[in-house]
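Taking it in order: structure first as structure tokens, then the write-up.
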Amino acid sequence: MVSTYRILLAIQVSSFVNRLIYYIRRIPWIGKLLLPDTLYARTGLKKAASIAVFILGLFWAIANKFIYLGFVALYPVYELSDKGSLNDSLPLFLNILLPLSFGMGCIWNARVLETKRDKYIAVKLMRVRADRYMKATLTYRYVLFFISFLIALLVFIPLFGGTSLEALLVALSITMWRLVCEYGHLKLFERTGIVLIKNNAIVWLSIAAGGIAAYVPALLGNTHAYGSILVSLPAVAVVTVLGVAAAVLMFRYKLYLRAVNAATKRDDPLLNLGKMISDAQRADVESKAGDFDTETVVLQNGKASRRQGHDFLNELFFTRHRRLIRKPLLARLAIIGGAGAVGSVVMASLGLETEGWSLAVAAVFLPVLMFQLTVGDRLCRALFYNCDMPLMRYSFYREAAWRHFRIRLLRLCGMNLITGAALAAASTIVAFAAGMSLSTNELLLLWALILILSLLFSVHHLALYYLLQPYTTEMNSKNPLFFGAIMVVSAACWIPIILQPSLLSMTVGAAIVLVVYLLVAGILVRRIGPRTFRVK
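Residue numbers for the sequence shown follow our numbering, beginning at 66 and rising by one.
Structure, rendered in structure tokens:
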């Protein structure tokens with residue numbers, strides 16, 4: 066089992082290192098100077114990288130649990146309890162942890178049937194036996210899960226007045242229950258063919274239900290310590306027995322190949338590429354068939370005929386694919402509207418204590434929220450697959466990257482400004498319903514901040530598309546520099562939550578970042594865009 070995991074780790078690291086070398090070497094001016102192409106054959110380097118990745122994986126697993134417990138449990142408990150002391154808050158901590166980690170997590174975070182590129186490469190290409198692969202990965206996953214969770218709980222639970230024994234019991238009960246649920250996913254698939262984690266409706270309903278069960282009772286003043294079941298010796302003993310039994314049954318399971326085939330079939334880039342392309346073409350044909358009449362009307366009315374060159378091309382694209390483009394925007398507007406309506410009713414009817422809360426206090430969460438709500442990535446994918454991919458092969462189109470970058474940036478900014486305005490309006494209505502004290506200055510700054518963030522993330526997504534162009538003809542994205550840039554910006558969105566700046570400081574800071582980002586992106590797209598905006 067250890068040797069199998071070493072092979073899997075080597076495959077994963079080699080694949081990543083090769084992609085990283087490839088994309089770094091494509092950086093204009095300095096890429097080939099930094100990394101010679103002989104690095105592809107440096108197996109010793111890749112072995113060292115495997116060791117480094119393994120060690121970093123251990124540290125990240127522990128850090129991940131600290132971040133998770135800090136944001137979903139420690140911070141809410143601190144806000145809901147006496148802020149002067151966390152002592153005697155263990156029941157509330159466990160009440161939050163029970164539905165999130167013990168309940169919800171076992172539905173959406175199961176690994177036995179998850180679709181992974183590494184799983185496909187190992188089992189389908191490298192011919193690693195499916196049972197060996199699953200046993201090695203599941204063993205590593207849950208040993209590391211238990212150890213990292215235990216380390217984090219040994220730090221957090223004493224803060225709430227608990228003991229080290231209670232930390233051990235919580236980690237053990239959650240880990241054992243996850244094993245039981247993994248086996249449940251496996252048996253459900255065996256008997257019905259259902260892959261539960263691919264059912265988005267069930268997954269999102271479970272996440273919503275878990276969040277409601279975790280936080281609403283505390284907001285309503287419920288003091289019943291039902292989460293104490295996680296530290297109840299009889300309950301932990303029963304769950305441990307069930308978990309051990311599930312582990313034994315999974316170790317003896319004979320049908321892993323069927324489960325792996327189901328998990329990799331959908332994303333199989335070799336066996337199912339033709340089906341994926343035909344499905345995408347069929348969807349495009351259906352979209353175009355429904356849009357032909359409208360497009361004809363637009364052309365006859367002269368809206369597009371008055372345009373020339375790239376303006377004309379982009380007008381045709383946005384007209385023909387308007388349903389594809391508007392769908393994510395309308396979905397976000399519906400979510401914002403629904404959440405605003407529900408939030409207003411709940412806040413007005415429950416009469417929750419809002420002293421110490423204001424729009425300025427809640428504004429620190431806006432960067433994270435707006436990063437998720439903007440539609441940049443979806444639009445860039447639509448542009449690549451339906452317009453840019455065949456044209457990128459021609460130098461005249463790449464040379465004009467700066468021209469169509471400006472045209473598309475205006476479109477994208479318009480879409481995200483609509484989303485931002487909807488969020489600002491919903492936030493204002495919820496704040497009024499909650500009885501928060503609102504000043505004109507706060508409202509103006511809040512609206513300004515949201516709209517500035519809408520513009521900032523519009524520039525961010527489109528600039529990355531033109532400068533890194535992560536999408537390939539295989540309908541996926543493999544550029545590690547692109548993922549690295551996304552992770553850096555995503556992490557930066559959490560900085561205001563940690564630093565707690567004032568609303569004025571956030572607004573001014575976001576405006577400065579927007580201006581600098583726009584200038585830098587414009588200069589880079591103009592100078593190196595023709596070389597980076599190409600088909601991979």
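Even for Gly, the Cβ is constructed at its ideal location relative to N, Cα and C.
Only a predicted model underlies this, so the values are computations on that prediction, with no experimental measurement involved.
Among the options, the one whose alpha carbon lies nearest that of residue i
i, options, result
"A487", "T439, L529, S523", "T439"
"T537", "L509, I560, C445", "C445"
"G292", "H469, L569, L157, M435", "L157"
"V563", "N152, L509, A427, Y318", "Reading off the sequence shown, one finds Ile at residue 563, where the question assumed Val. Cα-wise, what sits closest to I563 is A427."
"A128", "Y205, A586, F210, G402", "F210"
"P566", "Y459, V429, N379, W242", "V429"
"I86", "H289, G227, A106, I212", "A106"
"P164", "L503, V188, I239", "I239"
"L45", "L527, L434, F449", "Look at the range of the chain in this structure, 66 to 601, and you will see that residue 45 is not part of it."
"E231", "L159, A266, R443, D183", "L159"
"S297", "V573, E464, L237", "L237"
"L591", "R471, G500, A550", "Before going on, a small fix: residue 591 reads as Arg here, not Leu. Checked all of R471, G500, A550; the closest Cα to R591 is R471."
"L285", "L510, L145, W242, G122", "L145"
"A311", "G485, N265, L251, N264", "L251"
"K319", "E255, A266, L261, L378", "E255"
"P299", "R458, L234, G258, R71", "L234"
"D376", "A465, Y140, G485", "A465"
Straight-line Cα distance separating residue j from residue i
i, j, result
"E507", "V303", "53 Å"
"A279", "R385", "45 Å"
"P101", "S79", "16 Å"
"T180", "N174", "12 Å"
"F119", "F221", "25 Å"
"L178", "M191", "19 Å"
"V301", "I294", "8 Å"
"A602", "P535", "As shown, the chain starts at 66 and ends at 601. That puts residue 602 outside it, with no answer to give."
"F81", "G402", "41 Å"
"F131", "L219", "11 Å"
"A399", "K112", "49 Å"
"F136", "G405", "23 Å"
"F225", "I212", "20 Å"
"R599", "G441", "19 Å"
"T204", "R176", "11 Å"
"G109", "N264", "42 Å"
"K392", "L477", "14 Å"
"I577", "G308", "53 Å"
"A283", "T505", "32 Å"
Cβ-Cβ distance between residue i and residue j below 8 Å
i, j, result
"W512", "A491", "no"
"A195", "L314", "no"
"R84", "P545", "yes"
"V495", "M552", "no"
"A447", "L389", "yes"
"L516", "L568", "no"
"L529", "F548", "no"
"K189", "T305", "no"
"V407", "K184", "no"
"I116", "A138", "no"
"R473", "N379", "yes"
"I267", "I186", "no"
"I259", "L253", "yes"
Coarse secondary structure for residue i, derived from DSSP in three states
i, result
"Y318", "coil"
"Y536", "strand"
"N174", "coil"
"D333", "Residue placement at D333 is flagged as unreliable, the pLDDT there being 42, under the threshold of 50; the coordinate-derived value follows with that caveat. DSSP places D333 in coil when its eight states are reduced to three."
"E179", "coil"
"Q565", "coil"
"D344", "Only weak support is given to the placement of D344: the predicted model assigns it a pLDDT of 47, under 50, and the question is left unresolved by the model."
"M191", "coil"
"D153", "coil"
"G500", "coil"
"H469", "helix"
"N264", "coil"
"H289", "coil"
"T228", "coil"
"D258", "The sequence shown places Gly at residue 258, rather than the Asp named in the question. Note: G258 maps to coil in three-state DSSP."
"R458", "coil"
"V440", "coil"
"C445", "helix"
"F598", "coil"
"L74", "helix"
Segment contact flag, the segment 246-260 with the segment 161-176, C-beta cutoff 8 Å, min 3 pairs: Contact holds: three or more Cβ-Cβ distances are below 8 Å.
Touch test, the segment 514-521 against the segment 479-494, Cβ-Cβ under 8 Å, three pairs minimum: In this structure the segment 514-521 touches the segment 479-494; the number of beta carbon pairs closer than 8 Å is three or more.
Inter-stretch contact at 8 Å, needing at least 3 Cβ pairs: the segment 548-559 / the segment 87-103: Contact fails: fewer than three Cβ-Cβ distances are below 8 Å.
Meets three-Cβ-pair contact criterion under 8 Å: the segment 260-280 and the segment 198-214: Result no; under three Cβ-Cβ pairs closer than 8 Å.
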